[in-house]
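Engineer:
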Amino acid sequence: MISSLRELHSSSCSLIRAKFLETLDGCSAIAQRTQLIDDLALRLWREFISEDAEGPSRFVLVATGGYGRSMLFPSSDVDLLFLHEGGWSDKESKDKIRRLSQEMWDLKLRLSPQTRAISECDRLDPNNLEFTISLLDARYLAGDRDLFARLRRSLIPRLVMREYQLIVEKLAEVTQARHGKFGNTIFHLEPNIKESPGGLRDYNIVHWLLLLSGIEKMRTSPDQQALISPAFREQFTEALNYLISVRCFLHYRHGRDDNTLTWEAQAEAASRGVGVEKESDISTEDWMRIYFRHARSIQRVAIQLLSEIPASRSSLYREFQNWRSRLSNSNFSVVNGFILLQQTGGAKDPELLLSMFQFMAEHGLRLGIATEQRLEQAGASLAGKFPKGGAFWKHFRELLIAPHAADALRAMHFLGLLNLFLPELAAIDSLVIRDYYHRFTVDEHSFRAIENLHALRRPSSEWEERFGEIFGELEQPELLLMALLLHDVGKGLPGDDHVKGSLEASWNCLTRLELSQADRDTVYFLIANHLEISATLRKDIFDHNTVEAFAEKVGTPERLKMLALLTYADIKSVNPEALSPWKAENIWQLYIAASNQLNRSVDQHTVHAGVKDENVTRLNLIAPALEKKVKQFLEGLPERYLKTHSPEEVLSHVEMANSLYHDPIQLNLRKGRHWLELTLVTPDRPALFAKVAGVLSTWGMNIIKANAFCNDAGVIVDTFFFTDRFRTLELNVHECDRFKRNVSETLAGDVDVERLVSQRLRNERQLPAKVKINTKIDFDNDASPHSTVVQVIAQDRPGLLHKMSSVFAHAECNIEIALIETEGQMAIDVFYLRTAGAKLDGPKQEEVRAHLSEQLSIT
Amino acid sequence: MTKVEAVIQTSRLDAVKTALQDIGVEGMTVIEVRGHGRQKGHTEFYRGREYTVDLLPKIKMEMVLPDDLVEKAVQAIAGAARTGKIGDGKIFLSRIDDAIRIRNDERGETAL
């Protein structure tokens, strides 16, 4: 008999395979294989167990798992349950089961048999959830129908109703772990179409959750299709049929249960048109886009159902859910972490939608399925209605800097909205590139990079803490995030050099969004150099020449921070292992070496006539009439000055310098995005920096940053960035003039600033420091060719900058350059000092150190 | 057969790889490692904090070669990795008893 069964099995399998390869109809192939195995199982039952297909009593053969669902793929396991009601554990009975199983193995079926008494099925073993879940798909094959009916109609519903909470929680737990293994994304370059998020396993999860919920509510197996929202039923079914065909194709192609959609398999599936209309001629990239669309349809139903699982109601969880629900407002309601639009017309209101995505980015919420559906329906009508140019950038930059920006971007991208605003991203939409280093599609890689950057707010390793610190210091993080979003767009464009493609696309995009020239330059610089740190790491990063060349290329500390962070996030998003501790440490070492180089070599490169400089050329183009005056003003200023000021700012300084013969103290006070900004252009004089710092202290201003430069003509350009702690200038606009007058009078020597500062500090209540910073004073006579570089790290406090600069003034040291920064409660100040036209010698350094230590000691 | 292990400067990897390929060495394993010999470490100060790198980043290359290729490989590695500065690295040689190609059970030099 076995030889005839073997022949039947072999010829039938060949027929099913041939038919599939002809029609590519996966549903029909799995139904036929199920039918074939049903027939074989029944014949063997009759041969070894009972001639009567419905006998013997109290023993039944049950198909479970995928086989029970009648979804037997070409190389799938065949799950069989020998179910009895006692009396089948003797040697003879066991022998019958063994022989039937043996015959099936001999047919080369991958059989997974289990023998259980019905009483054993009534218990949920938390360590063997699979068995209970496999019973949900139990299907009668042969034997005692009454026993099967008891299992199906009585025992399973009873078990589910009793253990519902535990079963669904366990299911959610294993699904989360599985999704985590795949980086919680469907967008893999070579996805596993069974196990990846959005794969057939997620379909199973949907199927089981609907079944369980139906049994719990109605005590009977429900019509599952009816439980899926009608809007998604068609998409869901279409996606399922597609995945079934692709899995059949993979099983036949690989000759085993291998569900990896490799690059080669993708190309073959696309050329054969697996899962798509046969007539269509489709590229591999587009075929994969169809895969991702279907995977997303499955994934979103799975996630929605998983989120609806009632949690085991810990008070903490309830509190969290309540807190999230309290986020609801007149436009959106928040239910189980999903956003629902309150008003029916909301999906057609572009401003409302943009604020919804911003809301999502702020609070880490997802869009509810109904919201997604309304947005999908509104999709086409929304085109052209959204704010454009600068108005859009204003919204978008707020979204980018919000902690969950990546989730909001993904949602916008999936709904096709992101491409409406940034059509450049269409080139990398679900784009698979053949690259052994990368694991995700190009768009997902970019979103992941943004996510990794925001994750630095909650550091979990030493590197994350270090990089997190510099992320927190960025003045315009949105520019870095925008660069990350666009840095690989070129991968979807023609040409071998993706950086070039990304730059071309980005320039158009940034111009359209009306970013300022300086901001465009920054994003452009980051994209152009996004591989620069990786290239430098291949050199000797402890060699001074390497560091110097790299620092020179980067130009400013702010750009250095951004480039280091971009490299960190970019590499980390390639695959989970790409950013090894070795690499992270090397990026950090290069960063700090270059940062020190930038701060200690400011006066090495100065602007001189005849030296070609891109920034000077640009200035001359903007204001050709001022060319001579610009040249005079810039002569002798450090190149750093040019690199850290926009052409507009430089021209304004030139005009201030030109007005010095009317008024020798030129001041400009303006409100920046984060701080107030006071710029002073005036001929240099003793204690000038100390006096301005003193005036700011007397007004209660907190100096965050400052820089001071001097040209060859002895004209200084000092800029102080400060916060108005008591909102004096904000609440009393007329005080701005008095404030400026006070600075002028102090510089003219009409005001005793020392006395005012002492008075102010005496009256001010000193709050205890939250973090104690030890004072460090470091002199370096080698870093600069002309000056002694002094770096002071100290506890930030009112009047600190005034105290330090007064010490220098009393010691007759001239501040050539000052670079002042504040990080939390730490002041990090670098001064380039000269005394009597030379560097400070040893005794002078000791004198200054002693006075500084005395002044900075906390009393 | 001889196992050649070379610890070299990160910056010399491409040059050493090319030199080995030029003399017919194709298979090699490259590992990112940290360590130091006489070169010792390096200290950088950043914002008042001291960052000491007592173990410097290096690249370790490993390959098993037929004996007639070993000397050429040593010359190729040394020639391409040498900068003349301290920290250029080291090459270690050790005897290998046998090699097995897992795919088809070939043994000895044919498995290399």
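As you go down the protein sequences, you meet chains U and S in turn. Going by this note's numbering, the letters in the first sequence line up with residues 626 to 1484, in that order. Going by this note's numbering, the letters in the second sequence line up with residues 2 to 113, in that order. By construction, the Cβ of each residue, glycine as well, lies at the ideal position given by its N, Cα and C atoms. On a predicted model such as this, the values are computed, not experimentally measured, just so you know.
#1: Under DSSP, the alpha helix (DSSP H) around U:H1123 begins and ends at which residues?
#2: What whole-angstrom Cβ distance do U:V1473 and U:A1436 have, given they're in contact under 8 Å?
#3: Kindly say whether S:H43, judged by its beta-carbon, lies nearer than 9 Å to any beta-carbon of chain U.
#4: Name the one or two DSSP bridge partners that S:A74 has.
#5: Could you tell me whether the segment 31-40 of chain S touches the segment 1446-1456 of chain U, where touching means 3 or more Cβ pairs closer than 8 Å?
#6: Taking DSSP as the reference, what is the three-state secondary structure of U:V1114?
#7: Tell me which residues share the same chain as U:V1179 and place their Cβ nearer than 7 Å to its Cβ, disregarding the 5 neighbours each side in the sequence.
#8: Starting from the C-beta of U:F773, find all residues in its chain whose C-beta is less than 8 Å away, skip the five residues before and the five after it, and write them out in chain order.
#9: In terms of DSSP beta bridges, what is U:D1454 paired with?
#10: Can you name the residues that DSSP bridges to S:H43?
#11: List the whole-angstrom C-beta distance separating U:L1156 from U:V1124, where the pair is believed to meet the contact cut-off of C-beta under 8 Å.
#12: Can you name the residues of chain U whose CB is closer than 7 Å to the CB of S:E33?
#13: Please determine if the segment 1246-1253 of chain U and the segment 1211-1227 of chain U are in contact, where contact requires at least 3 C-beta pairs separated by less than 8 Å.
#14: Counting only beta-carbon separations shorter than 9 Å, does S:L57 have a partner in chain U?
#15: Would you mind sorting U:S1412 into buried or exposed? The rule is 16 or more other CB atoms within 10 Å of its CB.
#16: Of all the CB atoms in chain U, is at least one closer than 9 Å to the CB of S:Q22?
#17: Looking at the secondary structure, which residues open and close the alpha helix (DSSP H) in which U:H1070 lies?
#18: Indicate whether U:K1197 and U:A1074 have their beta-carbon atoms separated by less than 9 Å.
#19: Against chain S, with Cβ distances strictly below 9 Å, would U:R1163 count as a contact?
#20: Between S:E63 and chain U, is the shortest Cβ-Cβ distance under 9 Å, so that the two count as touching?
#21: At which residues does the alpha helix (DSSP H) containing U:Q1101 begin and terminate?
#22: U:F1039 CB to nearest chain S CB: under 9 Å?
#23: Measure the CB-CB distance between U:I928 and U:I915 and report whether it falls below 9 Å.
#24: Here's the rule I'm using: 16 or more other beta-carbon atoms within 10 Å means buried, otherwise exposed. How should U:S939 be labelled?
#25: Just grab the DSSP bridge partners of U:Y765 for me.
#26: List the residues that DSSP assigns as beta-bridge partners of U:H709.
#27: Contact criterion: CB-CB distance below 9 Å. Does U:N1332 meet it with respect to chain S?
#28: Go ahead and pull the three-state DSSP assignment for U:L1156.
#29: Going by Cα to Cα distance, which pick from U:N1283, U:D1032, U:Q924 and U:R1137 is closest to U:Q1511?
#30: Within 10 angstroms of its Cβ, does U:T1484 collect 16 or more other Cβ (buried), or is it exposed?
#31: Give me, in chain order, the residues of the same chain whose beta-carbon lies closer than 8 Å to that of U:V1317; leave out the 5 immediate sequence neighbours on both sides.
#32: Among the candidates U:E1252, U:E1202, U:A1174 and U:V1199, whose CA atom is the shortest distance from the CA of U:Y1216?
#33: Looking at the structure shown, is U:S940 part of a helix, part of a strand, or coil, going by DSSP?
#34: Between S:L94 and chain U, is any beta-carbon pair separated by less than 9 Å?
#35: Assuming U:L649 and U:R897 make a contact with CB atoms under 8 Å, what is their CB distance in whole Å?
#36: Helix or strand or just coil, what does DSSP make of U:H1230?
Structural biologist: Per the coordinate set shown:
#1: U:H1123 -> alpha helix (DSSP H) spans H1123 to R1137.
#2: 5 Å between Cβ atoms; contact.
#3: Taking a beta-carbon distance threshold of 9 Å, S:H43 counts as an interface residue toward chain U.
#4: Bridge partners of S:A74 according to DSSP: none are assigned.
#5: The answer is no - the segment 1446-1456 of chain U does not touch the segment 31-40 of chain S, with fewer than three Cβ pairs under 8 Å.
#6: Three-state result, U:V1114: helix.
#7: Cβ neighbours of U:V1179 beyond the five flanking positions: L1185, L1188 and A1219.
#8: Excluding positions up to five away in sequence, the list reads V685, V687, L708, A763 and Y765.
#9: According to the DSSP secondary-structure assignment, U:D1454 is paired through a beta bridge with U:V1417 and U:I1445.
#10: In DSSP, S:H43 forms a bridge with S:V54.
#11: With a Cβ gap of about 7 Å, U:L1156 and U:V1124 count as contacting.
#12: Going along chain U in sequence order, the residues near S:E33 (Cβ under 7 Å) are S1205 and W1207.
#13: Judged by Cβ distances under 8 Å, the segment 1246-1253 of chain U makes no contact with the segment 1211-1227 of chain U, as fewer than three pairs qualify.
#14: The beta carbon of S:L57 falls within 9 Å of a beta carbon belonging to chain U, placing the residue at that interface.
#15: Answer is buried; the Cβ neighbour count reaches 16.
#16: Not one chain U Cβ lies under 9 Å of S:Q22.
#17: Here the alpha helix (DSSP H) through U:H1070 covers V1067 to H1079.
#18: Taking 9 Å as the Cβ cut-off, U:K1197 and U:A1074 qualify as a contacting pair.
#19: Under the Cβ distance rule, U:R1163 counts among the residues neighbouring chain S, one pair being separated by less than 9 Å.
#20: Interface residue (Cβ-Cβ distance to chain U less than 9 Å): S:E63 is not classified as such.
#21: Boundaries for U:Q1101: no alpha helix (DSSP H) harbours it, and the DSSP string shows neither H nor E there.
#22: Judged by the 9 Å Cβ criterion, U:F1039 is not in contact with chain S.
#23: At a Cβ-Cβ threshold of 9 Å, U:I928 and U:I915 do not count as neighbours.
#24: Residue placement at U:S939 is flagged as unreliable, the pLDDT there being 47, under the threshold of 50; a coordinate-derived value is accordingly withheld.
#25: U:V687.
#26: Its beta-bridge partners are U:F684 and U:A742.
#27: For U:N1332, the answer is no, since every Cβ of chain S falls outside 9 Å of its Cβ.
#28: In the displayed model, U:L1156 falls within coil according to three-state DSSP, outside both helix and strand.
#29: In this structure chain U extends from 626 to 1484, so residue 1511 of chain U is not present and cannot be described.
#30: Note that U:T1484 has pLDDT 45, beneath the 50 cutoff, so the model's placement of it is unreliable and the number below is only indicative. So U:T1484 ends up on the exposed side.
#31: L1303, L1305, D1343, F1345, V1368, T1371 and L1372.
#32: Among U:E1252, U:E1202, U:A1174 and U:V1199, the Cα nearest to that of U:Y1216 is on U:A1174.
#33: Legend: pLDDT at U:S940 = 48, less than 50; position of this residue unreliable, value from coordinates given subsequently. U:S940: helix per DSSP, three-state reduction.
#34: No, its Cβ sits nowhere closer than 9 Å to a Cβ of chain U.
#35: Here U:L649 really is in contact with U:R897; their C-beta atoms are around 7 Å apart, less than 8 Å.
#36: Correct three-state label for U:H1230: coil.
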